[in-house]
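My numbering puts the first residue of the sequence shown at 490, with every later residue one more than the last.
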Amino acid sequence: MSAQTINFTPELYAYYQRLGFHELPLLKTLREETHKLGNIYAQQISPEQGQFMALLVELLGAKKTLDIGTFTGYSALVVALALPLDGKVIACDVNTEWTSIAKKFWQAGNVANKIDLRIGPATDTLQQLINAGEAGSFDFAFIDADKSGYDNYYEKSLILLRSGGLIAIDNVLWGGDVADLSVNDGSTKAIRALNEKIFKDDRVKISMIPIGDGLTLARKK
Ligand SMILES: C[S@@+](CC[C@H](N)C(=O)[O-])C[C@H]1O[C@@H](n2cnc3c(N)ncnc32)[C@H](O)[C@@H]1O
490 MSAQTINFTP ELYAYYQRLG FHELPLLKTL REETHKLGNI YAQQISPEQG QFMALLVELL
550 GAKKTLDIGT FTGYSALVVA LALPLDGKVI ACDVNTEWTS IAKKFWQAGN VANKIDLRIG
610 PATDTLQQLI NAGEAGSFDF AFIDADKSGY DNYYEKSLIL LRSGGLIAID NVLWGGDVAD
670 LSVNDGSTKA IRALNEKIFK DDRVKISMIP IGDGLTLARK K
């Protein structure tokens, strides 16, 4: 009865959103506040993806995590709420305006002490962590910043993760453009190339999940 992933009609998606996950009121308010920014709100992850990531973090027993591309802070917040009291999120972004909204919500959720926001190019932040001797010590990484940097974030996350740790890479289906060969802009090509690379990468075990805009889970062997 289910040899392939189901297509969502609007009615089925409404049903899924009603019964498929729980979203804390604070997270819903953050989505509403982000909507006020206009079209760029679409950079935010969906609530179902947030809930899924929180569950993964709990299942992993994660304590140290990376949030690569923080925006208004939804992914960092949902992960921080799922971490134990001594858990940590290193949040990477270049934008202080969007992350000032994030900081407000992290305070409201009583998790600001768990989130260490590093403003600057994520590749520099990740390299600083490697240089500081933190290789092999992270449990979970979420990659959701500029697509041209994805390959670099993937490689550095692999160094920073412990064996058995998990990388979640967002936007791997890129609104369907990965399969439309008439689309050849830089971001699309970068995502396509990384998808091909990860598929053949025997350092990880993978599953590409059709949630949100596509989320690849890559578990470090
Ligand atoms: C898709 S949004 C992240 C959404 C976020 N994960 C959430 O749950 O709402 C991408 C973010 O990456 C940031 N970004 C872009 N280039 C970056 C870079 N080189 N280093 C770090 N962050 C970057 C942008 O400022 C933006 O906030």
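Even for Gly, the Cβ is constructed at its ideal location relative to N, Cα and C.
N-terminal and C-terminal residue of the beta strand (DSSP E) that residue i is part of
i: K577; result: 577-582
i: L683; result: No beta strand (DSSP E) holds L683; the alpha helix (DSSP H) holding it covers 675-689.
i: D605; result: 604-608
i: P632; result: Note on identity: in this sequence residue 632 is Ile, with Pro being the wrong assignment. Start and end: 627-632.
Simplified DSSP state of residue i, which is helix, strand or coil
i: A654; result: Strictly speaking, residue 654 in this sequence is Gly, with Ala absent from that position. In this structure, G654 counts as strand in the three-state DSSP scheme.
i: T554; result: strand
i: K710; result: coil
i: D659; result: strand
i: L572; result: coil
i: L647; result: helix
i: T585; result: helix
i: L704; result: strand
i: L566; result: helix
i: G527; result: coil
i: V667; result: helix
i: Q532; result: helix
i: D635; result: coil
i: N641; result: helix
Residue i and residue j closer than 8 angstroms at C-beta
i: I656; j: A682; result: no
i: I695; j: A707; result: yes
i: L555; j: S637; result: no
i: L649; j: L618; result: yes
i: Q538; j: L704; result: yes
i: V578; j: A543; result: no
i: D702; j: N660; result: yes
i: R651; j: G625; result: yes
i: I680; j: V693; result: no
i: S564; j: I590; result: no
i: A580; j: T561; result: no
i: K552; j: P573; result: yes
i: I529; j: D633; result: no
i: G653; j: K709; result: yes
i: Y642; j: L662; result: no
i: L516; j: P536; result: yes
i: Q540; j: E522; result: no
i: D605; j: L549; result: no
The alpha helix (DSSP H) enclosing residue i, as first and last residue numbers
i: V693; result: Taken as a continuous stretch (DSSP letters only), V693 belongs to no alpha helix (DSSP H), being part of the beta strand (DSSP E) at 693-698.
i: L519; result: 514-524
i: A539; result: At residue 539 the sequence reads Gly, which differs from the Ala that was named. Its alpha helix (DSSP H) spans residues 536-549.
i: Y502; result: 499-508
i: N599; result: Element bounds for N599: n/a, residue is neither H nor E.
i: A611; result: 611-620
Check: residue i C-beta below 7 angstroms from any heavy atom of ligand 3
i: S535; result: Judged by which ligands are present, ligand 3 is missing from the structure shown, whose ligands are ligand 1.
Please enumerate, following chain order, all residues with a beta carbon closer than 6 angstroms to at least one heavy atom belonging to ligand 1. In chain order, the hits are Q532, Q533, I534, G558, T559, F560, T561, Y563, S564, C581, D582, V583, N584, W587, P610, A611, D633, A634, D635, G638.
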